[in-house]
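One structure below.
Protein chains: 2
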Amino acid sequence: MNVVVVGLGIIGGSMAKAVSEYTDCHVIGINRSDEALQKAMECGAIDEIGTLDSLKKADLIILGVYPEVAVEFIRKNAHRIPKDCIVTDTSGIKSKICPALSAIADEYGFTFIGCHPMAGKEKNGFDVSEATLFRNASCIILPCNAPQEKVDFLSDFMMKLGFGRVVYTTPEEHDRMISFTSQLPHVIACSYVFSPCCPNHKGFSAGSYRDVSRVANINGVLWSELFIENKEPLLAEIDTFIGNMTEIRNAIEKGSRQELAELLNKGKEIKEMLGE
Amino acid sequence: MNVVVVGLGIIGGSMAKAVSEYTDCHVIGINRSDEALQKAMECGAIDEIGTLDSLKKADLIILGVYPEVAVEFIRKNAHRIPKDCIVTDTSGIKSKICPALSAIADEYGFTFIGCHPMAGKEKNGFDVSEATLFRNASCIILPCNAPQEKVDFLSDFMMKLGFGRVVYTTPEEHDRMISFTSQLPHVIACSYVFSPCCPNHKGFSAGSYRDVSRVANINGVLWSELFIENKEPLLAEIDTFIGNMTEIRNAIEKGSRQELAELLNKGKEIKEMLGE
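First to last, the sequence lines map onto chains A and B. Here the first sequence is numbered in this note's numbering, starting from 1 and rising by one per residue. Here the second sequence is numbered in this note's numbering, starting from 277 and rising by one per residue.
What follows is the structure, encoded as structure tokens:
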């Protein structure tokens, strides 16, 4: 089985490494620059450096590129993709991507299924990719009207790469949940480190600083695209968050210990209800 | 040397365990309830269950109680504290505590030095205390006009308990930094988990959710006291944070990728400048 990975950043690179490590598939890499391709050949992440014509022999195409590049790439190369091929992407937003990719797939006869591996690091690029990146992570699959046997095939394939579970959802539900679980924490981390106190934190900080600030080390170009493409759900989450924070803020200003303690204890209740 | 630990919660309990484990001191425990005292005797965290009269033989008193309880306890028992004894507290706020404790110390002739171990867990109580809690953590010491040799003694003593470094500061600077490094992350974590999306996050979340939400499992009674006692610096940090987040929010709403990317990349620059 031929797997073509397009884009060898942290996610595409880790996909290539995991497919090579945990399956018998022949892995073909396509990437904008040569450097990552050379490194991927050297470390065995891919078996072959591909060209656009390599798409003609693909059984599975995994897109590890920026969301809008993914749509553009598939639109331009749809005529090269075999009818029995599954195309999947790995991008962090879905409502703007999945319908476009599904439409192209329908037009040309191949299958598109959306995918979002819930794994990553605060660093980017092929150099930090790892075969074990997906170990125990959740794999979100967006069937998008693809045939059930193709969805099952992709789910089984992803479980072989080390994922701990597969979750099925729609693009809209995905984007709403991701705005909360992933995008909002990145907005929080940046807003946090912009404090004038931040450069002097050492000696005064411990785990709380470390955890909240971790993902501030952000790829601004990628995340600005993800944020803007997911504008409505993300703005709703940010506004909910600011509203919640303002409620706590005002209870602090008012100085009512009991009211504030009751408010804060809701946090404990939620975490305990979730078994966290 | 007799060390009296007052209050065997996570911090006092860990102090007792660390003193027993890493020094030759005789450790005496005083606690509101008997249960923690019995457990502390059983596991060797303390050598003796103390009474208020035990304070008369103390060389070092470590207060592991809520800030206002600390002041009240020392005020009521100042007449029992020997003149060559050092009293230190471990509470998370200092401007409201240190001057009061210093004044009592001056009046009765013993020494007060403030201390804030930058270590903790998202759980509380003696059961989660550990001798290794302070390993490599920062120990903030607030000399508060105490004699230099006493400050040096306490610093050396804390380093024996496993701390990685000692940092000296004033109560005001401490409270300003802590409002950023510790209190604001707790406000953030609670505001975050109050989102209606939170109960459904499983399958859609990874490290970002885990890290931002971790300290939402908060002791509302303790933290409402810490927040309100440190109202001014904390409100300033919350307002700065909301201002920063609003700037990012508005750039998302405006939809300018370049402007947003430049803003977000400042997060990366700050983290890289700090070598994080």
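Glycine included, every Cβ here is placed at the ideal spot set by N, Cα and C. Bear in mind the structure is a predicted one, so any value in this text is a computation, not a measurement.
Distance from valine 27 of chain A to valine 19 of chain A at the Cβ level is roughly 5 angstroms; contact confirmed, criterion being Cβ atoms closer than 8 angstroms. By the neighbour-count criterion, in which 16 or more other beta carbons inside 10 Å mark a residue as buried, serine 33 of chain A falls on the exposed side. As far as DSSP is concerned, tyrosine 485 of chain B takes part in no beta bridge. Judged by their CB atoms, valine 469 of chain B and glycine 44 of chain A are not nearer to each other than the 8 angstroms cut-off. By the criterion of a C-beta distance shorter than 7 angstroms, serine 213 of chain A is surrounded in its chain by Ala189, Tyr192 and Val193, once the five residues flanking it on both sides are discounted.
In this structure, DSSP gives glycine 267 of chain A a helical state, which the three-state scheme calls helix. Annotation for aspartate 365 of chain B: the continuous beta strand (DSSP E) segment containing it runs 362 to 365. Contact between isoleucine 287 of chain B and glycine 340 of chain B is confirmed by a C-beta separation of about 5 angstroms, below the 8 angstroms threshold. Close to threonine 299 of chain B, with beta-carbon spacing below 7 angstroms, lies no residue of chain A; the smallest spacing is near 23 angstroms. About 12 angstroms separates the beta carbon of alanine 103 of chain A from that of valine 87 of chain A, a gap too long to meet the 8 angstroms contact definition. Proline 375 of chain B is not a Cβ neighbour of serine 455 of chain B, given a cutoff of 8 angstroms. Here proline 475 of chain B is near leucine 274 of chain A, since their CB atoms are less than 8 angstroms apart.
Against chain B, the CB of asparagine 265 of chain A has a partner CB under 8 angstroms away; the residue lies at that interface. For glutamate 311 of chain B, no CB of chain A lies under 8 angstroms from its own CB, so it is not counted at the interface with that chain.
Residues of chain A with a Cβ closer than 8 angstroms to the Cβ of lysine 544 of chain B are, in chain order, Ala216, Asn217, Ile218, Asn219 and Gly220.
When the Cα atoms are used, lysine 426 of chain B and arginine 176 of chain A turn out to be separated by approximately 57 angstroms. Residues of chain B with a Cβ closer than 9 angstroms to the Cβ of tyrosine 108 of chain A do not exist; the shortest Cβ-Cβ separation is about 30 angstroms. Under the Cβ criterion of 8 angstroms, leucine 550 of chain B is counted among the residues facing chain A.
Listed along chain B are Ser471 and Cys473, each with a C-beta nearer than 8 angstroms to that of glutamate 237 of chain A. Straight across, the Cα-Cα distance linking proline 419 of chain B with threonine 522 of chain B is about 39 angstroms. For histidine 462 of chain B, the uninterrupted alpha helix (DSSP H) segment begins and ends at 460 to 469. Taking 8 angstroms as the cut-off, the Cβ atoms of isoleucine 546 of chain B and leucine 460 of chain B do not count as close. With respect to methionine 159 of chain A, valine 167 of chain A sits apart: the two C-beta atoms are not nearer than 8 angstroms. Around the beta-carbon of lysine 372 of chain B, 16 or more other beta-carbon atoms lie within 10 Å, marking it buried. Legend: CB atoms of the region 406 to 421 of chain B lying less than 8 angstroms from CB atoms of chain A belong to residues Ala413, Ser414 and Ile416.
Counting the other CB atoms within 10 Å of its CB gives lysine 83 of chain A a total below 16, which places it among the exposed residues. For a Cβ distance threshold of 9 angstroms, residue set Ile188, Ser191, Tyr192, Phe194, Ser195 and Met245 of chain A lies close to phenylalanine 517 of chain B, ordered along the chain.
Classified as buried, glutamate 229 of chain A has 16 or more neighbouring CB atoms from the shown chains inside 10 Å of its CB. Per DSSP, histidine 477 of chain B lies in no alpha helix (DSSP H) and is assigned neither H nor E.
The contact set of isoleucine 454 of chain B on chain A, defined by CB atoms closer than 7 angstroms, consists of Phe204 in chain order. Residue burial is scored here from C-beta neighbours: arginine 525 of chain B has at least 16 other C-beta atoms within 10 angstroms and is therefore classed as buried. Those residues of the region 154 to 174 of chain A placed with their C-beta closer than 7 angstroms to a C-beta in chain B are Arg165 and Val167, ordered along the chain. Per DSSP, threonine 181 of chain A lies in no beta strand (DSSP E) and is assigned neither H nor E. Nearest CB-CB separation between alanine 537 of chain B and chain A: below the 8 angstroms threshold.
The beta carbon of tyrosine 209 of chain A falls within 8 angstroms of a beta carbon belonging to chain B, placing the residue at that interface. Your pair phenylalanine 388 of chain B and serine 414 of chain B does not check out as a contact, with CB atoms roughly 21 angstroms apart and the cut at 8 angstroms.
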